[in-house]
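What the sequence shown shows, in this note's numbering, is residues 1 to 370, in sequence order.
We treat Cβ as the ideally placed atom computed from N, Cα and C, and that holds for glycine.
All remarks here apply to the structure that follows.
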Amino acid sequence: MDFQKSIVLNHGMLARPTFLPDATLGVVRSLDTRDIRETGIHGLVMNVFHLMQKPGSSTIAALGGLHRMAAWDGPIITDSGGFQAYSLIRQNPKFGRLTDQGITFQPEGADRKFQLTPEKSIQLQLAYGADIVVALDDCTHVDDALVEQQRSVERTIRWAKRCKAEYERQIEQRRLTDDRPLIYGVIQGGGDFTLRAECAEALLAIGFDGFGFGGWPLDAQNRLLHEVLAFTRAQIPAAIPMHALGVGHPESIVACARMGYDLFDSALPTRDARGGRLYTFTSDPSKPGFRLSGSWFDYIYVADKKHIKADKPISPGCSCHTCRHYSLGYLQHLHKAGETLFLRLATIHNLFVVHQVMQLLAAERMRGGA
């Protein structure tokens, strides 16, 4: 690891690039923190939108903050909740409303309304003990109308100013000047390059430690928005870290890392694992000459009957806990039997593969002098 290029945080360092699995509610489903560590993962992403509901802020405080509550001593990034508000409210307005003041929402089944303002988002993230806090943003989909994208950028910039002001107030009040968590802004603008540039310029002027790509990174056909992602990264100096929020498909990670993105998070690898879609390299990545190009990546669908007697690891040369001890055929048996052990073993494997991808990308950057 090149420590000079790493992101230095209160609970450790994150290499550039790094993948952080989503531990939305303070847990990576089916794994404990020892399992996570053994996959090579160094940091987690948690979500203030969900955590303020379950288990709730007073409970998190009573349990000693996120790190102590989850028994995780590594870095934690807390997402602000902007994307979740988009998912909840923009797709079903009956669950809440979004105004210049903030977000008011009542998820289905909740017995009360919640309010999330830029100030409250920062207050909660700092109270939870996050290593990187994220400014609240107004998220859109790339296919939303231009007038909606313009409104989103204007609101995101206003909210970013309020977030930064509250952050500075909280840092001084909590006397965290010497060991402060970092704060990232989120660049919105949909698929419009002018709006993306406008948003990036305004957020740079406000001053953040890093930035995230805001908005869903895929189009309506689930294709990566290569041009928009590359343009947005180019608006920020290369020395400043950028987070490709919500990017987690291994091939998409590779594409974005080559654009200069440094941090990645997604629930996709762990969700795929639980669903029986296992990640595999098409050849042993430890062999000389292996490159992340061509047809280097594939899926194994564990439910396929052809795997019943497969006495081999999931992926060629894989040294994860799962592949060292269990065959693909045994995993097929566990999956078919509905055994919960399958969820753990599959999740360990998929996260290990993604971590291997990050290591290969890091080596690629070193060869290229990045």
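What residues in its chain sit with their C-beta under 6 Å from that of residue i, if we drop five residues either side in the sequence?
i	result
GLN118	Checking the displayed sequence, the identity of residue 118 turns out to be Pro instead of Gln. Within the same chain, PRO118 has close Cβ partners LEU136, TRP159, ARG162, CYS163.
LEU371	No information on residue 371 is available, as it lies outside the stretch 1 to 370 that the chain covers here.
GLY248	SER266, LEU268, PRO269
LEU116	GLY81, GLY102, ILE103
GLN359	none
GLN332	VAL302, HIS307, ILE308
Check residue i in the structure and name its three-state DSSP category.
i	result
PHE208	coil
PHE3	At PHE3 the pLDDT is 39, less than 50, meaning the model places this residue with poor confidence and gives no usable figure here.
VAL28	coil
GLY65	helix
VAL153	helix
GLY12	strand
GLY185	strand
ASP298	strand
PRO17	coil
THR99	coil
ARG34	helix
LEU176	coil
ILE76	strand
SER87	helix
VAL353	helix
ARG277	strand
ASP137	coil
PHE264	strand
VAL147	helix
ASP284	coil
ASP272	helix
LEU331	helix
VAL48	helix
Go ahead and label residue i buried or exposed: buried means 16 or more other beta carbons lie within 10 angstroms of its beta carbon, across all protein chains shown.
i	result
ARG226	The sequence as given places His at residue 226; Arg does not occur at that position. It counts as exposed.
ALA186	Contrary to the premise, residue 186 reads as Val rather than Ala in this sequence. VAL186 comes out buried.
GLU198	buried
MET46	buried
VAL147	exposed
THR59	exposed
LEU63	exposed
TYR326	buried
ARG68	exposed
THR24	buried
ARG155	buried
THR78	buried
VAL254	buried
GLU166	buried
THR322	buried
TYR128	buried
LYS312	exposed
GLY368	exposed
ARG223	exposed
TYR299	exposed
What residues in its chain sit with their C-beta under 7 Å from that of residue i, if we drop five residues either side in the sequence?
i	result
ALA220	ASP143
ASP209	LEU182, ILE183, TYR184
MET52	PHE114, LEU124
VAL153	GLN188, GLY189, LEU195, GLU198, CYS199
LYS309	GLY329
MET259	LEU229, ALA230, ARG233
GLN356	PRO285
Assuming residue i contacts residue j under a Cβ cut-off of 8 Å, what Cβ separation, rounded to an integer in Å, is found between them?
i	j	result
ALA257	PRO17	5 Å
ILE314	THR280	6 Å
THR39	PHE352	5 Å
ASP262	ASN350	Contact flag wrong, Cβ pair sits at about 21 Å.
GLY74	GLY12	5 Å
Once you ignore the five residues that flank residue i on each side, which residues in its own chain have a CB closer than 8 Å to its CB?
i	result
ARG274	ARG29, SER30, LEU343, ALA346, THR347
GLN106	PHE95, GLY96, ARG112, LYS113, PHE114
GLN4	Per-residue confidence for GLN4 stands at a pLDDT of 49, beneath the threshold of 50, marking its modelled position as unreliable; no derived number is given.
Cβ-heavy atom distance between residue i and the ligand ZN below 7 Å?
i	result
GLY26	The ligand ZN is absent from the structure shown, which contains no ligand whatsoever.
3-residue-minimum beta strand (DSSP E) runs that sit fully inside the region 190 to 257, ordered along the chain:
Qualifying beta strand (DSSP E) stretches, in chain order: 210 to 213, 242 to 245.
What are the complete beta strand (DSSP E) segments, minimum 3 residues, inside the region 104 to 134?
Segments of the beta strand (DSSP E) lying fully in the region 104 to 134: 114 to 116, 132 to 134.
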